[in-house]
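As numbered in my numbering, residues 7 to 243 make up the sequence shown, in order.
Ideal Cβ placement from N, Cα and C applies to all residues, glycine included.
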Amino acid sequence: VEGLGPDGVAILPASETKLVEWAARDGVVLRTFGANGDVRIEDLQLDDLARPSFTLEADGERAALTLSSMAGAHQAHNAAAAAAAALSLGRALPDVAAGLELATASAWRMEIIPGRYTVVNDAYNANPASMAAALHAVAAIPGRHVAVLGLMAELGDTAPTAHRAIGRLARELGYAALVIVGEDPGIAAGAGDIARPVPDAATAGTVVTELLDDDDVVLVKASRSVGLEALAAELAS
Numbered sequence: 007v008e009g010l011g012p013d014g015v016a017i018l019p020a021s022e023t024k025l026v027e028w029a030a031r032d033g034v035v036l037r038t039f040g041a042n043g044d045v046r047i048e049d050l051q052l053d054d055l056a057r058p059s060f061t062l063e064a065d066g067e068r069a070a071l072t073l074s075s076m077a078g079a080h081q082a083h084n085a086a087a088a089a090a091a092a093l094s095l096g097r098a099l100p101d102v103a104a105g106l107e108l109a110t111a112s113a114w115r116m117e118i119i120p121g122r123y124t125v126v127n128d129a130y131n132a133n134p135a136s137m138a139a140a141l142h143a144v145a146a147i148p149g150r151h152v153a154v155l156g157l158m159a160e161l162g163d164t165a166p167t168a169h170r171a172i173g174r175l176a177r178e179l180g181y182a183a184l185v186i187v188g189e190d191p192g193i194a195a196g197a198g199d200i201a202r203p204v205p206d207a208a209t210a211g212t213v214v215t216e217l218l219d220d221d222d223v224v225l226v227k228a229s230r231s232v233g234l235e236a237l238a239a240e241l242a243s
């Protein structure tokens, strides 16, 4: 924010109240998104593949849209952030919504691959917020849920607490099993009896295949360094 030029605009989540207040005191031009923000999300619904439909509201206008190539409620918040940026550049809200509907997910980012069972490949990277969002998104897809998870890297001293919280969340969301690949600072500890720790991705493939039944839904997610994208592709083949 401090590096913005005189014509710059800061696009900030309205929920980060301290950051918004600090930026406003510093005289920064702001546009916020989220609940009580300049760009708001209303009427959010997910279909059977967790694809979000919602209405964006900004500057007294409303525009309904569906992100047909995205999965998870968090994608609506990403869309609101993008809309805030586009509106700051003078785009009209209906045009922004139409453009967002054409957006597609990048490789290994919440890719939903139907088949004997549904594979959700989110193996590109992971942090506590994105891991929680992915678990919630997959839990919204009808069926029995299994996850193959790995390390969230570069969390420092917070790693044990953050990993335990993810294991606990998966258990609370009703996941049938968590296959935890390689180094684990705490997912298994949080997951309790649904945890299935394995030493490597090859072993994970064997274990998860034995766990899965027809019509199950499996999430594959870890930090980039774990390299679970090959396993996701194998499960989807």
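Q. The beta strand (DSSP E) spanning Thr-38 covers which residue range?
A. Following the DSSP letters along the chain, one finds Thr-38 inside the beta strand (DSSP E) bounded by residues 36-39.
Q. Helix, strand or coil: which one does DSSP assign to Ile-172?
A. Residue state for Ile-172 is assigned as helix, using DSSP reduced to three classes.
Q) Is the CB-CB distance between Pro-134 and Ala-171 below 8 Å? A) Taking 8 Å as the Cβ cut-off, Pro-134 and Ala-171 qualify as a contacting pair.
Q: Could you check if Asp-128 is buried or exposed, using at least 16 other CB atoms within 10 Å of its CB as the buried criterion?
A: The residue in question, Asp-128, is buried, as its Cβ has 16 or more Cβ neighbours within 10 Å.
Q. Do Pro-205 and Pro-166 have their C-beta atoms closer together than 8 Å?
A. Between Pro-205 and Pro-166, the C-beta gap is not smaller than 8 Å, which leaves the two residues out of contact.
Q: Quick one: residues in its chain with C-beta nearer than 6 Å to the C-beta of Glu-67, no 5 flanking neighbours on either side, listed in chain order?
A: Leu-99, listed in sequence order.
Q. Can you tell me whether Lys-227 is buried or exposed, with buried defined as 16 or more other CB within 10 angstroms of its CB?
A. Classification of Lys-227: buried, given that the 10 Å Cβ count is 16 or more.
Q) Is Asp-27 helix, strand or coil by DSSP? A) Here residue 27 is Glu; the residue named in the question, Asp, does not match the sequence. Three-state DSSP puts Glu-27 in a helix.
Q) Going by alpha carbons, who is nearest to Ile-118 out of Asn-84, Ser-75, Ala-90 and Glu-107? A) In terms of CA proximity to Ile-118, Ser-75 leads the group Asn-84, Ser-75, Ala-90 and Glu-107.
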